[in-house]
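In our numbering, the protein residues as written are 377 to 799.
See below:
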């Protein structure tokens with residue numbers, strides 16, 4: 377792993393790679409969906425109310441980045457809707473947010489707990505006990521018999537509240553997970569079985585091929601311990617399973633391509649690690665401190681700002697229709713300043729998404745928009761290309777800036793191409 381000449385097995389064995397598609401979120405770094413400096417401006421947003429929708433939220437990184445980029449003097453009100461079709465994703469987010477924002481431990485302690493709930497498959501007994509306490513507060517005795525939906529409202533450290541509405545049928549599996557009783561050993565066996573399965577070898581090697589040698593060691597250590605922490609940190613006290621990561625029977629819900637670093641900006645991660653005396657080689661130690669810092673900032677801002685969070689579990693089409701008929705009182709048709717759909721365009725036709733969510737945009741805000749991303753669109757569009765995008769050249773030069781000869785070659789090539797087109 378430390379050998380700079382290390383090659384994936386498909387290269388060493390002189391064969392084509394066998395990759396598997398992934399259904400996991402989190403491959404792109406979290407982003408601020410408002411981007412105020414390019415839109416309403418920070419000054420213009422200070423006392424402005426916003427309504428934001430994450431129609432396919434995945435985890436909470438985009439929410440965290442959006443709140444952390446609001447002006448420090450912000451004194452408007454935000455209503456934010458986080459929706460996902462996956463009930464496990466929704467309830468995992470609900471528990472992590474309550475652990476982070478609910479009254480109880482200090483902001484720093486809550487942030488560290490939230491980091492482990494989100495990324496570590498094993499927990500200290502104290503964190504596991506706190507998780508059980510959060511579950512009791514959130515779910516209580518569950519939905520009443522005969523109820524079609526489960527609703528809950530919880531206060532946070534600040535003025536805002538944490539709401540959730542989901543079908544009782546959908547939340548059954550997450551509740552079974554959280555109330556399960558298997559031991560850590562069973563969960564770890566399931567995790568190791570998946571990450572060592574030969575059928576995933578090329579997927580894993582592709583992950584390692586994109587890492588520096590020391591980062592491969594750090595990721596291997598994380599996969600062995602299941603705990604996101606600095607390399608030198610003892611994990612012997614992490615003796616309880618994180619029940620957000622396993623089925624009720626103790627089967628790990630993760631994937632063999634596990635790499636928590638992929639969801640964060642590596643430069644920012646290393647800068648955070650440096651502030652805590654962690655070298656760039658211990659990249660996952662840096663990540664631990666970076667995520668903790670981001671969560672602390674998020675929790676502190678949620679304490680000062682007036683932000684209500686609404687978590688739901690519906691299909692995007694059903695959610696938009698429900699908003700139109702007033703099923704969610706905090707939101708109405710034509711109210712959203714941003715609607716973020718992540719990669720829903722790969723599952724639904726873009727015209728259908730526009731039909732469902734276009735009417736949801738705030739007509740009084742000319743910056744209101746629907747944000748989409750896609751991994752597959754270019755495959756169905758033979759003429760799709762980024763060559764005409766002026767940003768692509770800037771991005772390539774930025775990536776190659778540490779290789780002067782390559783930059784000069786690239787600049788010469790650009791000039792030559794421009795001259796040829798001009799001719």
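Every residue gets a Cβ at the ideal spot worked out from N, C-alpha and C, and that includes glycine.
Only a predicted model underlies this, so the values are computations on that prediction, with no experimental measurement involved.
Comparing alpha carbon positions, the residue from 393, 418, 447, 613 closest to residue 681 is 447. Three or more Cβ pairs closer than 8 Å define a contact, and the segment 688–699 meets that threshold against the segment 452–468. It is roughly 38 Å from the alpha-carbon of residue 470 to the alpha-carbon of residue 377. Unbroken beta strand (DSSP E) stretches of 3 residues or longer found wholly inside the segment 449–529: 453–459, given in chain order. Assignment of residue 387 by DSSP, reduced to helix, strand and coil, places it in the helix class. About 5 Å separates the beta carbon of residue 499 from that of residue 616, a gap short enough to meet the 8 Å contact definition. Residues 464, 621, 622, 623 of the same chain have their beta carbon placed closer than 8 Å to that of residue 629, with the five preceding and five following residues left out of the count. Using a Cβ-Cβ distance cut-off of 8 Å, the segment 708–723 and the segment 424–437 are in contact, since at least three pairs of beta carbons, one from each stretch, lie closer than that value.
One thing to note: residue 618 has its Cβ no nearer than 7 Å to the Cβ of residue 540. Look at the beta carbons and you see the segment 663–683 touching the segment 472–490: at least three pairs across the two are nearer than 8 Å.
For the options 756, 437, 455, 589, the alpha carbon positioned closest to that of residue 381 is the one of 589.
Comparing alpha carbon positions, the residue from 711, 557, 696, 732 closest to residue 504 is 557. Counting of Cβ neighbours within 10 angstroms places residue 433 among the buried residues, the total reaching 16 or more.
729 is the residue among 582, 729, 741, 422 whose C-alpha sits nearest the C-alpha of residue 748.
Three or more Cβ pairs closer than 8 Å define a contact, and the segment 557–572 falls short of that threshold against the segment 527–546. In the structure shown, residue 684 falls within a strand segment according to DSSP collapsed to helix, strand and coil. Separation of residue 411 and residue 638 (C-alpha to C-alpha, rounded to the nearest whole angstrom) is 22 Å. According to the DSSP secondary-structure assignment, residue 745 is paired through a beta bridge with 714. Taking C-beta atoms as the reference points, residue 407 and residue 444 fail to come closer than 7 Å. Residue 592 counts as buried, since at least 16 other C-beta atoms from the protein chains shown sit within 10 angstroms of its C-beta. Cβ contact annotation for residue 576 (same chain, cutoff 6 Å, sequence separation greater than five): 632, in chain order. Contact annotation: residue 594 and residue 699 have beta-carbon atoms that are not nearer than 7 Å.
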